[in-house]
């Protein structure tokens with residue numbers, strides 16, 4: 088694939104939805120674009136603001152928190168897997184409102200609690216703790232919510 092064609096295709100891909108650098112490098116490689124040309128394309132996409140890892144991280148955090156109701160730990164892990172630098176991850180996670188975060192965790196625990204048939208309070212608490220942990224919420228936050236709801 089020629090440089091200009093690859094650049095246009097990459098720009099079109101980035102304009103449709105947020106992408107990160109690692110994802111675009113993989114796409115360019117799949118298209119058969121050489122390493123040197125790939126780097127030039129990435130630099131051009133960044134210069135023209137088609138590609139911005141900081142913006143990608145921010146958007147990813149908002150989407151996963153609001154729509155999937157993931158906690159910080161799960162979001163952080165997913166962004167690391169996508170090759171986003173740690174400082175950008177922290178900056179994006181700091182945008183989550185503390186009160187809203189607490190409320191989302193409390194709501195999730197309340198909804199899950201209503202579906203549990205478990206009678207034993209310790210087993211019930213353990214299941215709720217596991218559930219919220221798998222969603223990426225911190226155990227100290229989960230404990231605080233479970234303690235306050237007793």
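In our numbering, the protein residues as written are 88 to 237.
Think of the CB as a built atom: it goes at the ideal place given N, C-alpha and C, for glycine as much as any other residue.
As the structure is a prediction and not an experimental result, all values here were calculated from the model.
_Using the three-state DSSP reduction, which class does residue 154 fall into: helix, strand or coil?_
coil
query: Helix or strand or just coil, what does DSSP make of residue 183?
result: coil
To the nearest angstrom, how far is the alpha carbon of residue 134 from that of residue 98? 12 Å
Item checked: Same chain only: Cβ atoms within 7 Å of residue 200, ignoring 5 sequence neighbours per side -> 215
*Would you check if there are 3 or more beta carbon pairs closer than 8 Å linking the segment 170-180 to the segment 193-213?*
no
Query - Close Cβ partners of residue 145 (< 7 Å) along its chain, the five nearest in sequence each way excluded - result: 179, 182
Between the C-alpha atoms of residue 185 and residue 156, what's the straight-line distance to the nearest angstrom? 14 Å
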